[in-house]
Amino acid sequence: MEVIIRFGLRTITRFDFKLRFAAVLLQILLILLWFEAATGKLRERNDLQWESRGRGSSENIVSHSCIHDQIVEERRRPGRKLGEPTLSSPTGTPSCNPHGDPPIYGDCWYNCTLDDISGEDKRRRLRKALGQTADWFKRALAVEPVRGNLRLSGYSACGQDGGVQLPREYVEDGVAGADLVLLVTTRPTTGNTLAWAVACERDQWGRAIAGHVNVAPRHLTAEAETLLSATLIHEVMHVLGFDPHAFAHFRDERKRRRSQVTVQTMDEKLGRMVTRVVLPHVVMHSRHHYGAFSENFTGLELEDGGGRGTSGSHWEKRLLMNEIMTGSVDTRSVVSKMTLALLEDSGWYQANYSMADRLDWGRNQGTDFVTSPCNLWKGAYHCNATNLSGCTYNREAEGYCPIINYSGDLPQWARYFPQANKGGQSSLADYCTYFVAYSDGSCTDTNSARAPDRMLGEVRGSNSRCMASSLVRTGFVRGSVTQGNGCYQHRCVNNSLEVAVDGIWKVCPKSGGPVQFPGFNGELICPAYHELCSTGTVSMSGQCPNSCNFNGDCVNGKCHCFLGFHGHDCSKSEFYDPYWFYYLVMYKIKHGSCPSNCNERGKCLPNGVCECENSRTGIDCSTAVCDEQCSLHGGVCDNGVCEFRCSDYAGYTCQNSSTLLSSLSVCKDVLERELSGQHCAPSEASILQQLEEVVVMPNYHRLFPSGARKLFNNVFGSSYCDAAAKRLACWVK
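For the sequence shown, position 506 matches number 506 in the UniProt record's numbering, and the numbering has no gaps at all.
Here it is in structure tokens:
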């Protein structure tokens, strides 16, 4: 099954949705097209029903392991393998089918089973999940609208394993009402990888405008529906920009390439090299999440474990745990403000931060939590003995401390015990040891948890939390364990935390501590008030006034305002002051209140925003745009200069012109005269030939129409324009 999704702008009856952030408008249009393998024909389906579904739990599939970097870096080997079976599916669709023809991946044949074939129930399940994914993104992000149709070059077969050829009409006419085209396939994967995704075409500013998403049919089960929705959000995030290959194209307010997205440094505390994202909004939201207002916090770490499928393209799991952009996704995954901030810092999107979920892991733990090794963490974030139980970090469950004796020694920086092979269960989380919930230990979920122990005064339910306790009814004993944990009701009233045992409520000490109850021996240890009741940032050293109004970075109590804002709390705009608007309008128009007065390349609007002329862009109109032909030939614009990078296209390499001649017809004449030129091309000759037909010829006819060819060649007797048009169409570098 091949599906095409268009994230778009145009208003239609059933899927119309508008999000306005200042002057930015985003609408999303969903259209699914089925690719009929036998004919290669695209047929539109109009009977799709989208449904909303809340998050739940998955029994059989507990997580998805992302292999994004591995997909981006893989290359198909050229040529036909000795003894290779004939494939009935067309080039670029290595899916399992009922005829039993095995698809080929790299050097291997894949052994298909019934689970690897997409039946109607799996298609329906995928359509539902895609609808949920599109609905989430249309509310979470806004993008600068494409002017007219979205033009795709078709320069590459989009994606991996042969990719998916872009429909001819998308290349020739463009896509109406769209900002992003996603081509979705259902091809088998190995291991517990549910899906993967890669961007395969970018506009002149480096923003992805086409991507390939693959979902494994064997994971399209009823039990995995919730996990599927989370996984699709994760993978589409990679397409949109959470990808080291995309970092090189990130833009600042002027639409210039950002000078720094990440910084790699040797961290003496952690004892190893780390890579941190140092983008302004990522750093700002990270500070407020962790309460890390010290100058020692400089950026948010990227994952360095998991191999090339995970390292560098996800958040460090040690620091963000169940955040959706860590290297593994499960049904508890949440989208944090830091992930939305990274996409906003790309310069391509505006984020709606109200769509972020609450991330509990590391919240208000301070700078040391982010900058110190995890064996120095405190409370439920650290444990060191397998025979002790405790409460999980968010107090929603009773847990245990999983410590594993590995067959080999752990890295030097991960040796938290005297034994070099001893450590926590997750390599992605740097082998840290922390309390993990028992399968039946939930305090909040009465369906999956064991029955509460009435002798200990326990109650399970939505308002129950895990607390340390030695309580036992008078006349009974707890057995061998005198101090343990239990699930007890709590509530937050009148700026106080209260807990209940046997229906009797008592007020806890503000900073936490023991309370006793009639009819019970022992005591219950209350958590601190802020652990269960505070919704805002806990008062911590180094905080800034009004949190700098989220218009600047807070370091050691001082606001460092972003471009366009000033004041001790970054509350004042340099370009717009609503209180003095009426009196300042004429002054602004006369003297110029926009950044650099728009560099005389645009019109300064009364609200302090530059309306740039067509050839300029950026917050101050200082950046030159490139001709449309730049992006149509796979180029990316850098202040008016079109750059060409083959590394931006998965499965493509820059090849010398002389090596391509035997596979070409139209461009052969051009390349024979330009043997020093280079092409960004796939290794398969068949795809290269398709590119000539689908891309080169339409571009050639557009550059040099037949009437003009006849006039210039017959009347003037010159083929100069013809050669020049072919050279542009073939995009010789």
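Quick reminder that beta carbons are idealized off the backbone N, C-alpha and C, glycines included. Remember, it's a predicted structure, so these values are computed and weren't measured experimentally.
For this session: Can you say whether residue 341 is buried or exposed, counting buried as having 16 or more other CB atoms within 10 angstroms of its CB?
Result: buried
For this session: Can you tell me the Cβ-Cβ gap for residue 438 and residue 397, rounded? I've got them flagged as a contact below 8 angstroms.
Result: 7 angstroms
For this session: Determine which residues share a DSSP beta bridge with residue 504 and list them.
Result: 501
For this session: Could you tell me how far apart the beta carbons of residue 314 and residue 298 are, in whole angstroms, since I believe they sit closer than 8 angstroms?
Result: Residue 314 to residue 298, Cβ: 19 angstroms. No contact.
Exercise. Would you say residue 639 and residue 620 are within 7 angstroms of each other, going by their C-beta atoms?
Worked result: no
For this session: Determine, using beta-carbon pairs with one atom in the stretch 541 to 550 and one in the stretch 284 to 303, whether at least three such pairs fall under 8 angstroms.
Result: yes
Exercise. Does the distance from the C-beta atom of residue 278 to that of residue 260 stay below 7 angstroms?
Worked result: yes
Problem set entry | Candidates 496, 344, 456 and 145: closest to residue 502 by CA position | 456
Exercise. Over what stretch of residues does the beta strand (DSSP E) that includes residue 196 continue unbroken?
Worked result: 195 to 202
Problem set entry | Straight-line gap, residue 368 to residue 376 (C-alpha atoms, nearest Å) | 9 angstroms
Problem set entry | residue 193 versus 178, 214 and 210, residue with shortest Cα-Cα distance | Per the C-alpha coordinates, the member of 178, 214 and 210 positioned closest to residue 193 is 214.
For this session: Note down the Cα distance separating residue 616 from residue 148, rounded to an integer number of angstroms.
Result: 18 angstroms
Exercise. Looking at the structure shown, is residue 486 part of a helix, part of a strand, or coil, going by DSSP?
Worked result: strand
For this session: Note down the Cα distance separating residue 323 from residue 476, rounded to an integer number of angstroms.
Result: 43 angstroms
For this session: Please determine, among 534, 595 and 533, the residue with the shortest C-alpha to C-alpha distance to residue 563.
Result: 595
Exercise. Do residue 334 and residue 304 have their C-beta atoms closer together than 7 angstroms?
Worked result: no
Problem set entry | Exposed unless 16 or more other CB atoms sit within 10 angstroms - verdict on residue 285 | buried
Exercise. What do you reckon, are the CB atoms on residue 345 and residue 249 nearer than 7 angstroms?
Worked result: no
Exercise. Between residue 337 and the rest of its own chain, which residues show a CB-CB distance below 6 angstroms, the 5 nearest in sequence each way excluded?
Worked result: 285, 353 and 356
For this session: Quick one: using the 10 Å Cβ neighbour count with 16 as the cut-off for buried, is residue 169 buried or exposed?
Result: exposed
For this session: Measure the alpha-carbon distance for residue 469 versus residue 240 and round it to whole angstroms.
Result: 47 angstroms
For this session: Could you tell me which residues DSSP pairs with residue 525 in its beta bridges?
Result: 514
Problem set entry | 4-residue-minimum alpha helix (DSSP H) runs that sit fully inside the stretch 139 to 181, ordered along the chain | 168 to 172
Exercise. Would the beta-carbon of residue 374 fall within 7 angstroms of that of residue 401?
Worked result: no
For this session: Give the range of the beta strand (DSSP E) segment to which residue 558 is assigned.
Result: 558 to 561
Exercise. For residue 609, which residues of its own chain have a beta-carbon under 6 angstroms away from its beta-carbon, when the five flanking residues on both sides are left out?
Worked result: none
Exercise. Which residues in the same chain as residue 613 place their Cβ atom closer than 6 angstroms to its Cβ, once the five residues preceding and following it in sequence are excluded?
Worked result: 601 and 602
Problem set entry | residue 439: first and last residue of the uninterrupted alpha helix (DSSP H) it sits in | It is not in any alpha helix (DSSP H) - residue 439 instead sits in the beta strand (DSSP E) that spans 436 to 442.
Exercise. Do you know offhand how far residue 144's Cα is from residue 556's?
Worked result: 35 angstroms
For this session: Below 8 angstroms on the Cβ atoms is my guess for residue 509 versus residue 526; work out the distance and round it to an integer in Å.
Result: Rounded to the nearest angstrom, the Cβ distance from residue 509 to residue 526 is 6 angstroms, consistent with a contact under 8 angstroms.
Exercise. Does DSSP classify residue 369 as helix, strand or coil?
Worked result: helix
For this session: Can you grab the Cα-Cα spacing for the pair residue 121 / residue 140, in whole Å?
Result: Put simply, the backbone Cα of residue 121 is about 29 angstroms away from that of residue 140.
For this session: Please report the residue range of the beta strand (DSSP E) in which residue 603 lies.
Result: In the DSSP assignment, residue 603 falls within the unbroken beta strand (DSSP E) covering 602 to 604.
Problem set entry | Collapsed DSSP secondary structure at residue 455 in the structure displayed | Note: residue 455 maps to helix in three-state DSSP.
Problem set entry | Counted within 10 angstroms of its Cβ, other Cβ atoms place residue 52 as buried (16 or more) or exposed | Bear in mind that a pLDDT of 30 at residue 52, under 50, signals an unreliable position, so the model cannot answer this.
Exercise. How is residue 349 classed by DSSP in three states: helix, strand or coil?
Worked result: strand
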